[in-house]
Structure formats: C-alpha cells, structure tokens
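Accompanying notes for the structure given below.
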Amino acid sequence: MTATTRIKRSKQMIRMVRPCELTSSDLIYPIFIREDKKKCEIQSMKGQRYYSLDDCVDVCNEVVELEIPAIMVFGIVKRKNDDGSVALQKNAFHVKIFKKLKKELGEDLLLVSNVCLCDYTLSESCVYLEKDKVLNEKTAEMLGKIAVAHAEAGADVVAPAAMCDGQVRHIRAALDREGFDDVAIMTYVKTDSCLFRPFFEAVTLAKTPRRGVDSSKFRTDIINEKMFMQKVNLDISEGADIVIVKPALTNLDHIFRVKQKYPTIPIAAYQVSGEYAMIKLLSEYAHVNEKDLLIETLSSIKRAGADMILTYYAVEAAKILQGKE
3 MTATTRIKRS KQMIRMVRPC ELTSSDLIYP IFIREDKKKC EIQSMKGQRY YSLDDCVDVC
63 NEVVELEIPA IMVFGIVKRK NDDGSVALQK NAFHVKIFKK LKKELGEDLL LVSNVCLCDY
123 TLSESCVYLE KDKVLNEKTA EMLGKIAVAH AEAGADVVAP AAMCDGQVRH IRAALDREGF
183 DDVAIMTYVK TDSCLFRPFF EAVTLAKTPR RGVDSSKFRT DIINEKMFMQ KVNLDISEGA
243 DIVIVKPALT NLDHIFRVKQ KYPTIPIAAY QVSGEYAMIK LLSEYAHVNE KDLLIETLSS
303 IKRAGADMIL TYYAVEAAKI LQGKE
C-alpha cells in the first residue's frame, strides 16, 4: 500500500489532511432588489428571484442564520438618467436599501455595495464615453460620489465595477474626506467575458440590455495576463483592500497569480451568472448532480487561492456544507 493510498483510506483522513476547507463563511450572496416591487423568478437565472424593499430582510435573515457573512446588493431602479445623477438623490433607491438593511440587521451582516454607472445611466454603460473614448477621471469622480452616498446609508464595503483607471484613488479620497475611512474598497478586475450575459438581463428593466455597449473598452483582454495584472497592480497601489477576480472559473490562473504576488491582500472570486447557468443546464440536460458540481467548482475556486467567493448559489451551498441539504 502506498502513502497516497493510506491517506485516502477514509473520508475523515482525507478531510484531516486538506490544506484548506470550503465553509459557508467563505461565501457572499449577491441579491437583486427591484424598486418597482415586482417579485418573480429571474428568467435568465433559473432558481434566483427578485426581491423588493419590503421582503429583502427575510432572505438576509436566512443568510445570517446560515453563517454567510455578507451580501452584495444589486438595486434595480425604475428611473435612470443620462449621467446617472439619480444615484445621488437623498431618496435614491440604493440609499433606501442600505438604510433599511443596516437598521434591521446591524452588524450581523456585512453589506457590500456594487458601485457602477450602469445601474443609473440610460445607456447602461459602466463608464462615461465621448466619441468612443472612456472618460476615466469623470467616471471615477462620479463613482466616488456614489460610494459616499452608499457609505452614508450603511454600506460597509464598496465595490467599484467600472474598471476605469483612477476609480479606486477617487473613491478612497472621497470616502476619507467624508469621514468613511473605515469603509473598505473591494475592486473588480474583470476579463471581457460572455459569461456576464445572464446578469445583464437580470439587472435591467430594458427589453434590450446593454445595447451598443462595447465592454472591451473597460475590461481586460481574456487571454492577456499582463493586462490583467497591470489593472490589479494599479488598483492595489491606489488603495484597494480586496480584489475581486471575475469571472471565477475561467480565471483560476489569475486568482492563483494575484494570490502569489499579494499574499496579504484578500482575494474574492465571483462565480458569475453564466457559470451559475452552466451548472443549472448541466444538471438538467447532462445528468450531472447539481450539488456535487456546485461544491466541486467552489472548491476549485477556493483551491486556486480565493479567500471569499461571490456566488448566486451561496444559500444552497451553505446548506449543503452544513448538511442541511
């Protein structure tokens, strides 16, 4: 009998020698809250649903009970405008969300704010554009204002998603200037992936989401690891506290690479809507066990170096890991 065989002789032995373990405390649950109060299943993401401001506390209480430490909030507003300034109104929908959740849940749940222009602009572009040129400074300045508005309302972490240069610098300066130096920045670094498509359909009330938006202008090339690391380096140098690698499964090498270079920086990985849909479709049409595939993919992401994982499967995964499913 070889040493490898002896180690694998029992499930308890295998668990005992694992260098890392996937738990519910590794998970972050992204939720969709609609201003128009429409509650239904998300067509592009079967098994996920929209919540309203009235009932979002219920799912958050379940998240807390499952020992999932955080949620990421995606608010879907009814009215947008050209420059996204609706985000700065005193009664803005995201402001209402964070105030309510912080009041109801206090410190039991970490609230992560997705900070991006696409939530508020009619074009649904993540950045300001002029003749197809990204206006980095203008975009970053506006993101700083939105981050402050969310922090004032109760967001514990802000996650800038626009991928524009200077966004972390502007947001950090704006937060510090307004006395929110304890609010962390969780920066997105995204490859130009088609796996985001179900999400785009989920976060818009428009019939044709993201029409005419060229995402390659504000995401990194899918095959260029140097471009990806250049963005990571920039955001960390500007004050990012946590780095999100997105998507997760097609960027396991990026997760590993970032963790190797920055071992003290927490790394998050986002199992995006397309990854979620693939697991659903494989379980439905290819006779693959959904629970087994879910835990396998999450474990792979964890093994690559992720300290936390954003996944629409967070609630189901936590129940599986705790033996409740």
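Per this note's numbering, the sequence shown starts with residue 3, numbered consecutively. Just so you know, even glycine gets a beta-carbon here, dropped at the ideal spot from N, CA and C.
Exposure of CYS42, with buried meaning 16 or more beta-carbon neighbours within 10 Å: exposed
VAL160, DSSP secondary structure in three states: strand
Runs of 3 residues minimum, wholly inside the region 209-263: which ones carry the beta strand (DSSP E) assignment? 244-248
For ALA270, which beta-bridge partners are listed by DSSP? ILE246 and MET310
Is it true that the CB of TYR315 sits closer than 7 angstroms to the CB of LEU296? The Cβ atoms of LEU296 and TYR315 sit closer than 7 angstroms to each other.
The alpha helix (DSSP H) enclosing VAL59, as first and last residue numbers: 58-67
Going by CA-CA distance only, name the one from ILE73, ASP60, SER46 and LYS39 that's closest to SER54. LYS39
Using three-state DSSP, classify LYS10 as helix, strand or coil. coil
To the nearest angstrom, report how far apart LYS48 and LYS263 are at their CA atoms. 37 angstroms
Under the DSSP definition of a beta bridge, which residues are partnered with THR189? VAL245
Touch test, the region 245-252 against the region 270-283, Cβ-Cβ under 8 angstroms, three pairs minimum: The region 270-283 and the region 245-252 touch, with three or more beta-carbon pairs separated by less than 8 angstroms.
Member of ALA288, ILE244 and GLN91 whose CA lies at the smallest distance from the CA of ALA308: ILE244
Nearest by alpha-carbon distance to ILE35: which of LYS219, ALA204 and PHE220 is it? ALA204
Let me check understanding here. Comparing Cα to Cα, which of LYS326, VAL191 and ILE303 lies closest to GLU23? ILE303
Minimum C-alpha distance to ALA164 - residue among ARG179, LYS98, VAL117 and ALA155: VAL117
With distance defined between alpha-carbon atoms, name the residue in LEU323, ASP223 and LYS282 nearest to PRO200. LYS282
Is the beta carbon of THR313 closer than 7 angstroms to that of ASP237? no
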